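Student: Please find one structure pasted underneath; my questions will follow.
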Amino acid sequence: MNLKYTTRNILLIVALSAALTGVVLVMIFTVNQITPFGTHNLLVGDMSAQYVPFLTGFRNALLTGHFSLFSFSLGVGENIFPLITYYLLSPFNLLVLLFPTSQLPVAISWIFILKDMTIAATTCWFLARHFNRIHLLLPFFALAFSLCGFASANFVNIMWLDGLIYLPLICDGIDQIKAGKQSISLFVWLTAAIVSNYYIGYMLGLFTLIYAVETIIRTNDLHFSLITAISHNRQFITRFIFTEAASVMSSMVVLLPTMLGMLQTAKTSPSTTNSLAAAAKPQFGLEIFSQLGLGGQTYDNRLLHAPAIFSSLAIALLVIGYFFHPQIPRNHKLAVSVTAGILSLSMLIGPINLVWHMLNEPSGSPFRYSFLLSFVLISAAYEMLLATPQRLSFKAKLSTPTILAGLLIVGYLNIRLGRHVLTNDYLAVQPNSLNVLIVNLLLTVIFSYLLFTAVHPMQQLLIGTIVCLEMGTNFGYTLKSEPLPLQTSYETAYPRVDTIVSKTKTTDNQLYRIDQSHSQLAPIFKETYLGYNDPILFNYNGIQEYSSTLTESTRQSLKMIGLFSKNQRRISTAGSTAISDMLLGVKYQLNPAGKIEKNTSFAGIGFPVTNQFAHLQLTAGTLFTNLERILQRLTPSDQPYLVSESGTNPQRQTIRAREKYTLTIIPKLSGPLYFDTSDKLLDYSAIYVNHTRLKTIPNQLDKQYLVKLGTAKRGVPVTLQLTSKSQNTLHDSHFNSLNESQFSKVDQHLKQSAFTPTYTNDRLVGTAVRPNSQSEWLYTAIPYDPGWTATVNGQPVEPIKVLGNFTALPLTDQSNHIVMSYHVPGLLLGIILSLLGLLAFSWRQFRNLALRKDVSQQAPGDGTPSNGETY
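Throughout, the numbering used here is defined as the position within the sequence shown, counted from one, plus 8.
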């Protein structure tokens, strides 16, 4: 059944699509007890580790007006412009201003619901305009895209969903250009997509090229040669390219400074021979067909799964039948085949897949553009619906469900058989429930009968109802597997921790850090929560960080003084020592019991140092040597600050191909006892001191960091147990005691000239006093960044890098007034380029408007293009 194609009916059906999606989501949230319709929230995975802290910091900055583009709440300090452009520029994020910080998870639920409703609305708008027809089932097709496999697999990556909103509008903009109308729509929506989230915006930009080719194929005779097709579409191609270029240029205010910032992060593209070989292999196998039906996504396979392309079995049936339908033009079939083929091969072939991900390997949540394929399939399915599926031949009506059922069975068997191979960790985590397969097969039969026989509106509404149940069940199936925490627990814990941290804050914005050894929020989560971004969540300056924008040189610097880093996106306070706390300006420590302790070795955020210290080079992997050399450059001593300890009576026992070592250390000093090893096979989670297991990070990725074995007493034996798969563990391990009395002399010396500046709105101000003429530099625990400019006593100076990637300034007088200001690199140039892009596009629009006026005043047949475009 079709509705009359009018603007009023389009707007009504768009509103109905949004409302239908909203109702389905409310029902899903209610059944799964998710806030605001239940007791649980969506804080799982990166939603709790990244997005809630970032949104909380965003809310605080907007409401307080205290906003700095170089934030010391992100790690030890970082240019947060790339973080803002990646995570926070969605207009939906403004909703957080309506909620208190303890209820931000409720805001996130509403943001997700509203985004999904908007996805349905824009999809409905596109399908109605693209095919110039409004079918009764259109809202259900829009719902299918809003709750497609990508949405259910990546609901925690809430910032990616904006791309699904803009995609239909961008494609509609391309359609408008092809129809000879204005290019404003494409320009506005592509620019909005890039600005909202440049990462997904980049993928949408690539897809526009494919869609433009599809548009040309769809609207041209297949008998035309390539040259003829290009010639006939010259005006379309020229206008399309100009609009795309103007859109990218106008987005430079976001793209340029973000690119310069992201160049400072670690590159995760394949570099070794093995990783290159892995990238060249097919990225998935026959298990892809299991993604055609519901139940393909759970918590277990959130990081490893085939492309999430599920968008209802009804859609899959219509797409298969699309190629059998006699009334669908061949050029349309070819256009869909080309687009779907390019997207499928892109995901299958590793090097091409990397191009879509900005030449970086995704760390979890693979195939982040799979929603594009779902969109193409839904568009083809809607065209098939409009062509009337009942007109398929009897043979095609039998073949279509048979093919789909066969694909579902192949996908299931591939996972079921492959998961039993011990080396296949990927297939082992893919869901392969026989009950779910049976449900999918039954739905295939039901949909086939209804789609190929339904002509009555009630039958079509039954199809739509089943689609709603199917899509809702699929999303609910994913949510049911997630370890969702209680919202009431979060609302209770947040203000309690915020109160504890608030006691450390000063009114003069003095710059210092808090070392958090254990997150106070961890108990409320059902999965491991390490509180990497708690400093942003509670608005204090910390050390740890988990984000895609972590500066690599800073991460490496922290690793070289003992801190733990799981990967290129994380730095932890695990591995911190009294020495690193002094170097990093740690004034307070938040212990596991939730108590604030003042750090006795706090010597400001920096201190004057000698030329020898300023030019000290640290070495990766030699943690104790690095720390010893740092202390010796600060205060030279004939005695070592870190005293090497050795084990006695070592014993080794082999148990299940693992070596268990037992040894005794008799400390030469009283004080902290530290452990470090270059053994990459050591099990950090199985370290026992005096038969008590240490609460260390499991560290399954074999990353080196310092482990505090405890506070020892001189001459009192310490029994140590280590487990590894290596037989050289003891040879590769090192034990050191800190000479506290000698270290305190360094600390007291530095405190006399401690640098304690204030920091407000990207401006740091303080005074550094030189204790002697040898102190030629001011070391600061501020990461080096090209955006910093500095003056000493009013004179511009050039900052230099020290200790890897920290900042030092030259000192000229005994008393030195220091001013440091931060400006985001590339931001000013990006603004200028964006203005040029806007001016260029606006000039072209005004020029075309003037040409159209001239044309309207001229007699027909004078040779001027009818749409007023001249290229």
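Idealized CB from N, CA, C, for every residue including glycine. Model, not experiment: these values are computed from the prediction.
Taking just the CA atoms, how far does Phe460 sit from Ala404?
Tutor: Distance between the alpha carbons of Ala404 and Phe460 is about 10 Å.
Student: What whole-angstrom Cβ distance do Leu194 and Thr251 have, given they're in contact under 8 Å?
Tutor: Confirmed, Cβ separation roughly 5 Å.
Student: Which same chain residues, not among the five before or five after Gly723, have their C-beta less than 8 Å away from its C-beta?
Tutor: Once the five neighbours on either side are set aside, the close Cβ partners of Gly723 are Ile674, Pro675.
Student: Compute the distance between the beta-carbons of Leu811 and Ser645, then report whether it is under 9 Å.
Tutor: Contact: no.
Student: Over the uninterrupted beta strand (DSSP E) stretch that includes His365, give me the two end residues.
Tutor: No beta strand (DSSP E) holds His365; DSSP gives it neither H nor E.
Student: Please work out which residues of its chain come closer than 6 Å, Cβ to Cβ, to Asp506, disregarding the five sequence neighbours upstream and downstream, and give them in chain order.
Tutor: Once the five neighbours on either side are set aside, the close Cβ partners of Asp506 are Phe546.
Student: Apply the 10 Å Cβ neighbour rule to Tyr457 and answer buried if 16 or more other Cβ atoms are within range, or exposed otherwise.
Tutor: That one is exposed.
Student: Would you kindly report the start and end of the unbroken alpha helix (DSSP H) that includes Ile182?
Tutor: Element bounds for Ile182: 170-186.
Student: Give the straight-line distance between the Cα atoms of Leu728 and Ser781, rounded to the nearest whole angstrom.
Tutor: Taking the straight line joining both Cα atoms gives about 47 Å.
Student: If you reduce the DSSP assignment to three classes, tell me which class Asp54 lands in.
Tutor: Asp54: helix per DSSP, three-state reduction.
Student: Could you tell me how far apart the beta carbons of Thr643 and Gln659 are, in whole angstroms, since I believe they sit closer than 8 Å?
Tutor: Incorrect: roughly 40 Å between the Cβ atoms, too far for contact.
Student: Am I right that Gly301 and Ala316 are in contact with their C-beta atoms under 8 Å? What's the rounded C-beta distance?
Tutor: Wrong, their Cβ atoms sit about 12 Å apart, outside the cutoff.
Student: Ordered along the chain, which non-local residues of its own chain (more than five positions away) have a Cβ less than 8 Å from that of Ala694?
Tutor: Excluding residues within five positions, the ones whose Cβ falls inside 8 Å are Arg701, Gln729, Leu730, Thr731.
Student: CA-CA distance, Leu631 and Lys513?
Tutor: Approximately 32 Å, taken between the alpha carbons.
Student: Got a sec: does the ligand NAP put a non-hydrogen atom nearer than 8 Å to the Cβ of Asp684?
Tutor: Because no ligand of any kind appears in the structure shown, any question about the ligand NAP cannot be addressed here.
Student: Taking the beta carbon of Leu198 as the centre, do at least 16 other beta carbons fall within 10 Å, making it buried, or is it exposed?
Tutor: By the neighbour-count rule (16 or more Cβ atoms within 10 Å), Leu198 is buried.
Student: According to DSSP, is Asn698 helix, strand or coil?
Tutor: In this structure, Asn698 counts as coil in the three-state DSSP scheme.
Student: Between the segment 131-147 and the segment 9-17, do at least 3 Cβ pairs fall closer than 8 Å?
Tutor: Output reads yes: the segment 9-17 touches the segment 131-147.
Student: Mind pulling the alpha helix (DSSP H) runs of 4 or more residues that sit fully within the segment 115-154?
Tutor: Listed in chain order, they are 146-154.
Student: Whose CA, out of Tyr540, Tyr330, Ile336, lies closest to the CA of Ala549?
Tutor: Here the sequence assigns Asn to residue 549, which means Ala is not the residue at that position. Comparing Cα positions, the closest option is Tyr540.
Student: Go through its chain and collect everything with a Cβ distance to Gln468's Cβ below 7 Å, but skip five positions before and after it.
Tutor: Cβ within range, chain order: Met9, Leu144, Leu145, Ala462.
Student: So what does DSSP say about Ile587, is it helix, strand or coil?
Tutor: If DSSP states are grouped into helix, strand and coil, Ile587 belongs with the helices.
Student: Counting beta carbon pairs with one atom in the segment 361-373 and one in the segment 408-424, are three or more of them shorter than 8 Å?
Tutor: These segments do not touch.
Student: Should Ala395 and Ile336 be called a contact, given that it needs their Cβ atoms to be closer than 9 Å?
Tutor: Cβ distance < 9 Å, so Ala395 and Ile336 count as in contact.
Student: If you compare alpha carbons, which of Leu271, Lys733, Tyr307 is closest to Thr557?
Tutor: The option with the nearest alpha carbon to Thr557 is Leu271.
Student: Could you say if the segment 774-789 and the segment 825-842 meet the contact criterion of at least three C-beta pairs nearer than 8 Å?
Tutor: The segment 774-789 is in contact with the segment 825-842.
Student: Go ahead and pull the three-state DSSP assignment for Gln659.
Tutor: Looking at Gln659 - three-state DSSP - the assignment turns out to be strand.
Student: How long is the line joining the alpha carbons of Thr29 and His699, rounded to whole angstroms?
Tutor: Approximately 57 Å between the Cα atoms of the pair.
Student: Alpha carbons only, please: which of Arg310, His138, Ile423 is nearest the one belonging to Phe297?
Tutor: If we check each option's Cα against that of Phe297, Ile423 comes out closest.
Student: Between Pro370 and Gly593, what straight-line distance do the alpha-carbon atoms span, to the nearest angstrom?
Tutor: C-alpha separation (whole angstroms): 34 Å.
Student: What residue range does the beta strand (DSSP E) around Pro616 cover?
Tutor: Run containing Pro616: 614-617, per the beta strand (DSSP E) assignment.
Student: Within its chain, find whatever has a CB closer than 6 Å to the CB of Ser489; leave out the 5 residues flanking it on each side and keep chain order.
Tutor: For Ser489, where only same-chain residues beyond five positions count, the Cβ hits under 6 Å are Thr306, Tyr307.
Student: Report yes or no: is there a C-beta of chain C within less than 9 Å of the C-beta of Ser497?
Tutor: Absent here is chain C; the protein component of the structure consists of one chain.
Student: Please identify the residue among Asn448, Thr768, Ser258 whose C-alpha is closest to the C-alpha of Ile840.
Tutor: Checking every option, the nearest Cα to that of Ile840 belongs to Ser258.
Student: Taking C-alpha atoms, which residue in Leu105, Glu535, Ala254 lies nearest to Gly191?
Tutor: Residue identity check: residue 191 is Ser in the sequence provided, not Gly. Ranking the options by Cα distance to Ser191, first place goes to Ala254.
Student: How far does the beta strand (DSSP E) with Met828 in it reach, from first residue to last?
Tutor: Per DSSP, Met828 belongs to the beta strand (DSSP E) from 823-830.
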